[in-house]
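Asker: Dumping the structure here so I can ask a few things about it.
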Amino acid sequence: MIKQTIADKVAQLIRPELRAMQAYTVQSAEGLIKLDAMESPYVLPAELTDAWLTTLQSVELNRYPDPAASDLVTQLRKTMRIPVALEIIPGNGSDELIQLLCAAVIDTPQSTAGKPVVLAPEPGFVMYRILAAATGLKYVGVPLQSSNFELDETAMLAAIEEYQPALIFLAYPNNPTGNLFDADVIDKIIRQAPGLVIIDEAYQPFAETSFLDQIEQYDNALLMRTVSKLGLAGIRFGYLVGKPEWITELNKLRLPYNINSLTQATAGFALEHFEVFEQQAALIREERQRLFDALSAIDGIQAFPSRANFILFKVTSGDADRIFAGLKQHGVLIKNASATVPDCLRVTVGNAEENAKFLQALLESL
Ligand SMILES: *Cc1c(COP(=O)(O)O)cnc(C)c1O
Numbered sequence: 000m001i002k003q004t005i006a007d008k009v010a011q012l013i014r015p016e017l018r019a020m021q022a023y024t025v026q027s028a029e030g031l032i033k034l035d036a037m038e039s040p041y042v043l044p045a046e047l048t049d050a051w052l053t054t055l056q057s058v059e060l061n062r063y064p065d066p067a068a069s070d071l072v073t074q075l076r077k078t079m080r081i082p083v084a085l086e087i088i089p090g091n092g093s094d095e096l097i098q099l100l101c102a103a104v105i106d107t108p109q110s111t112a113g114k115p116v117v118l119a120p121e122p123g124f125v126m127y128r129i130l131a132a133a134t135g136l137k138y139v140g141v142p143l144q145s146s147n148f149e150l151d152e153t154a155m156l157a158a159i160e161e162y163q164p165a166l167i168f169l170a171y172p173n174n175p176t177g178n179l180f181d182a183d184v185i186d187k188i189i190r191q192a193p194g195l196v197i198i199d200e201a202y203q204p205f206a207e208t209s210f211l212d213q214i215e216q217y218d219n220a221l222l223m224r225t226v227s228k229l230g231l232a233g234i235r236f237g238y239l240v241g242k243p244e245w246i247t248e249l250n251k252l253r254l255p256y257n258i259n260s261l262t263q264a265t266a267g268f269a270l271e272h273f274e275v276f277e278q279q280a281a282l283i284r285e286e287r288q289r290l291f292d293a294l295s296a297i298d299g300i301q302a303f304p305s306r307a308n309f310i311l312f313k314v315t316s317g318d319a320d321r322i323f324a325g326l327k328q329h330g331v332l333i334k335n336a337s338a339t340v341p342d343c344l345r346v347t348v349g350n351a352e353e354n355a356k357f358l359q360a361l362l363e364s365l
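For the record, in the sequence shown the residue sitting at position 104 is 103 according to numbering that gives the first Met the number 0, with numbers rising by one throughout.
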């Protein structure tokens, strides 16, 4: 008998779509001003640090966390004014909730794709595609209008008709373009969709608008949020809100202890002091305006208006890679978005000092 190599065994056992994928990697930011990942430039204010540490001291690390994160969920409902008719699933970041949704669905009745379809506008958040592929689903991207990054209503409705997606993800505002899609088009999409539509409000603190109060009027809409962009990316906490019928089923797939004790305590503490994070978000919105004005004043650069904590900007055709590298050489890391949005780069809004350094580095890199 021929002895099998490990590679043979791997090929036999591991799903082909998984073997075809690359593991998710993050560019190193060592020694650089980090404006690549939409993190907040602000930490917990010094006057809150002691109270936070006291909270952490009472966490019993030898015990399993509360499996339902009940206190945190109660606090969340209060702080975020989640309508009483809706329920909440806590997630280890919204990424985990996207994965959970992908793992929960089967093909819609009219679909001919052979496996459940995940549909999202493009350019969009990469995890929809990555997690759809990783869970064995089919991913369909529908191009946004190239002039203004609005949803292409005709193309979206046609794709829904053709692919009968089990899940549609709409980031509101969208990443990496920063705009809020037309709410009427979103409404039409939800009404036409044979499956679930997830409104991803990762950037809600900077958007000053929300679908939260509309979710109830649909049978097939869920809302997803995260604290990551709000200054708490390190604790991994996101949540999904929807009608109990959906949440009950999805919750069965959630791992019992997915929100660790330190995160439960820290997120709860942060929500009790939510006004601090709201003030920080307001500062970022002001900085966003200043950064937008400064970018717009530069010859050869077109900045796109943003309702998030980042700005997408277009440079002279063919120059994106060179400018990205130049910025890095000057000590500033942003995101080169040109592979998905031609000639575009995306910069996270930092604090005043970081933004000034970025602008200086950009001028020297043009
Ligand atoms: C950053 C981002 C998320 C990821 O949030 P986590 O809670 O950190 O996993 C989700 N959706 C969009 C659109 C994002 O840009």
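For every residue, glycine included, the Cβ atom is placed at its ideal position computed from N, Cα and C.
(1) Decide if Tyr451 is buried, meaning its Cβ has at least 16 other Cβ atoms within 10 Å, or exposed.
(2) So which of Gln288, Arg287, Ala102, Phe168 has the shortest CA-CA distance to Pro120?
(3) So does the region 94 to 110 actually touch the region 158 to 168, counting three or more Cβ pairs closer than 8 Å?
(4) Leaving out the 5 sequence neighbours to the left and right, which residues in its chain are closer than 6 Å to Leu130 when beta-carbon positions are compared?
(5) Decide if Leu75 is buried, meaning its Cβ has at least 16 other Cβ atoms within 10 Å, or exposed.
(6) Which residue spans inside the region 229 to 274 form an unbroken beta strand (DSSP E) run of at least 3?
(7) Rounded to whole angstroms, what's the CA-CA distance from Leu12 to Lys114? Just pull it up for me.
(8) Closest to Pro82 by C-alpha separation, out of Lys242, Ala293, Leu34, would be which residue?
(9) Please state if the CB of Pro175 and the CB of Pro122 are separated by a distance shorter than 7 Å.
(10) Which value, in whole angstroms, describes the spacing of the CA atoms of Leu206 and Ala307?
(11) Note down, in chain order, each residue of its chain lying with its Cβ closer than 7 Å to the Cβ of Ala132, except the 5 sequence neighbours on either side.
(12) Hey, Asn91 and Arg224 are a contact pair by Cβ (cut 8 Å); roughly how many whole angstroms apart?
(13) Classify Val117 as buried or exposed, calling it buried when 16 or more other Cβ atoms lie within 10 Å of its own Cβ.
(14) Answer yes or no: the CB of Thr225 versus the heavy atoms of ligand 1, is any distance below 6 Å?
(15) Using C-beta distances below 7 Å, list every residue in its chain close to Leu367, excluding the 5 sequence neighbours before and after it, in chain order.
(16) Over the uninterrupted beta strand (DSSP E) stretch that includes Pro142, give me the two end residues.
(17) So for Met79, helix, strand or coil by DSSP?
(18) Enumerate in chain order the residues of its own chain whose CB-to-CB distance from Val72 is below 7 Å, with the five nearest sequence positions on each side excluded.
(19) Inspect the beta-carbon positions of Phe312 and Leu294 and report whether they are closer than 7 Å.
(20) Using a Cβ-Cβ cutoff of less than 8 Å, which residues in the same chain neighbour Ile105 once the five nearest sequence positions on both sides are dropped?
(21) On the criterion of 16 or more Cβ atoms from any shown chain inside 10 Å, does Ser145 qualify as buried, or is it exposed?
(22) Take every Cβ of the region 32 to 45, pair it with every Cβ of the region 330 to 350, and state whether three or more of those distances are shorter than 8 Å.
(23) Taking only the alpha-carbon atoms, compute the straight-line gap between Asp181 and Glu149 and give it to the nearest angstrom.
(24) Is the closest heavy atom of ligand 1 to the C-beta of Ala67 under 6 Å?
(25) How should Arg287 be labelled, buried or exposed, when 16 other C-beta atoms within 10 angstroms of its C-beta is the threshold for buried?
(26) Between the Cα of Phe124 and those of Asp49, Val314, Glu152, Tyr202, spot the shortest distance and give me the residue it belongs to.
(27) Evaluate Ile5 with the Cβ neighbour count: other Cβ atoms within 10 Å of its Cβ, from every protein chain shown; 16 or more gives buried, anything less gives exposed.
(28) Considering only heavy atoms of ligand 1, does any lie closer than 6 Å to the CB of Gly237?
(29) With a floor of 3 residues, list each beta strand (DSSP E) that falls wholly inside the region 193 to 233, ordered by position along the chain.
(30) Assuming Ile32 contacts Gly325 (C-beta within less than 8 Å), just tell me the rounded distance between them.
(31) Measure the alpha-carbon distance for Phe309 versus Val141 and round it to whole angstroms.
(32) Check whether the Cβ of Asn259 sits closer than 6 Å to any heavy atom of ligand 1, and report yes or no.
(33) By how many angstroms is the C-alpha of Asp65 removed from the C-alpha of Ile189?
Answerer: On the basis of the data shown:
(1) Because the chain here runs from 0 to 365, residue 451 falls outside it and cannot be looked at.
(2) Your numbering for residue 120 matches position 121 in the sequence shown. It is Phe168 whose Cα lies nearest to the Cα of Pro120.
(3) yes
(4) For this step, residue 130 is matched to residue 131 along the sequence shown. Contacts found: Ile97, Gln98, Cys101.
(5) Residue numbering aside, residue 75 sits at position 76 when the sequence shown is read from its first letter. Looking at its Cβ environment, which holds 16 or more other Cβ atoms inside 10 Å, Leu75 is buried.
(6) 237 to 241
(7) Translated into the one-based positions of the sequence shown, residue 12 becomes position 13. Translated into the one-based positions of the sequence shown, residue 114 becomes position 115. The alpha-carbon atoms of Leu12 and Lys114 are separated by roughly 20 Å.
(8) Along the sequence shown, one-based indexing puts residue 82 at 83. Minimum Cα distance to Pro82 is reached at Lys242.
(9) To locate residue 122, count along the sequence shown from 1; it is residue 123. To locate residue 175, count along the sequence shown from 1; it is residue 176. Yes, the pair counts as a contact, with Cβ atoms nearer than the cut-off.
(10) Counting from 1 along the sequence shown, the entry for residue 206 is found at position 207. Counting from 1 along the sequence shown, the entry for residue 307 is found at position 308. Per the sequence shown, the amino acid found at residue 206 is Ala instead of Leu. Rounded to whole angstroms, Ala206 to Ala307 spans 6 Å at the Cα level.
(11) Residue 132 sits at position 133 when you count from the first residue of the sequence shown. These residues qualify, in order along the chain: Glu16, Met20, Tyr138.
(12) Counting from 1 along the sequence shown, the entry for residue 91 is found at position 92. Counting from 1 along the sequence shown, the entry for residue 224 is found at position 225. Contact flag wrong, Cβ pair sits at about 14 Å.
(13) Here the question's residue 117 lines up with position 118 in the sequence shown. Under the 10 Å beta carbon count, Val117 is surrounded by 16 or more other beta carbons and is classified as buried.
(14) The residue labelled residue 225 in the question sits at position 226 within the sequence shown. Yes, since a heavy atom of ligand 1 falls inside the 6 Å radius drawn around the Cβ of Thr225.
(15) Here the chain has residues from 0 to 365 only, and residue 367 is not among them.
(16) Along the sequence shown, one-based indexing puts residue 142 at 143. That run of the beta strand (DSSP E) goes 137 to 142.
(17) By one-based count along the sequence shown, residue 79 stands at place 80. Met79 falls in the coil class under three-state DSSP.
(18) Here residue 72 refers to the residue found at position 73 of the sequence shown. Cβ within range, chain order: Ile87, Pro89.
(19) Within the sequence shown, residue 312 is the residue found at index 313, counting from 1. Within the sequence shown, residue 294 is the residue found at index 295, counting from 1. Contact: yes.
(20) Within the sequence shown, residue 105 is the residue found at index 106, counting from 1. Around Ile105: Pro115, Ala165.
(21) To locate residue 145, count along the sequence shown from 1; it is residue 146. Ser145 should be labelled exposed.
(22) Enough Cβ pairs lie closer than 8 Å, so yes.
(23) Taking the sequence shown and counting its residues from 1, one reaches residue 181 at position 182. Taking the sequence shown and counting its residues from 1, one reaches residue 149 at position 150. Between Asp181 and Glu149, the C-alpha separation is close to 7 Å.
(24) Your numbering for residue 67 matches position 68 in the sequence shown. Every heavy atom of ligand 1 is 6 Å or more from the Cβ of Ala67, so no.
(25) In the sequence shown, residue 287 corresponds to position 288, counting from 1. By the neighbour-count rule (16 or more Cβ atoms within 10 Å), Arg287 is buried.
(26) As a first step, residue 124 must be located in the sequence shown, where it is residue number 125. That would be Tyr202, whose Cα lies nearest to the Cα of Phe124.
(27) Locating residue 5 in the sequence shown gives position 6, counting from the first residue. With fewer than 16 other Cβ atoms within 10 Å, it is exposed.
(28) Within the sequence shown, residue 237 is the residue found at index 238, counting from 1. Because some heavy atom of ligand 1 lies under 6 Å away, the Cβ of Gly237 counts as near it: yes.
(29) 195 to 199, 220 to 225
(30) Position 33 of the sequence shown, counted from the start, is the residue given in the question as residue 32. Position 326 of the sequence shown, counted from the start, is the residue given in the question as residue 325. That belief does not hold up - the Cβ atoms of Ile32 and Gly325 are roughly 14 Å apart, past 8 Å.
(31) Position 310 of the sequence shown, counting from 1, holds the residue named residue 309. Position 142 of the sequence shown, counting from 1, holds the residue named residue 141. So the two alpha carbons sit approximately 23 Å from each other.
(32) Here residue 259 is taken as the residue at index 260 of the sequence shown, counted from 1. Relative to ligand 1, even the nearest heavy atom lies 6 Å or more away from the CB of Asn259.
(33) To locate residue 189, count along the sequence shown from 1; it is residue 190. To locate residue 65, count along the sequence shown from 1; it is residue 66. C-alpha separation (whole angstroms): 34 Å.
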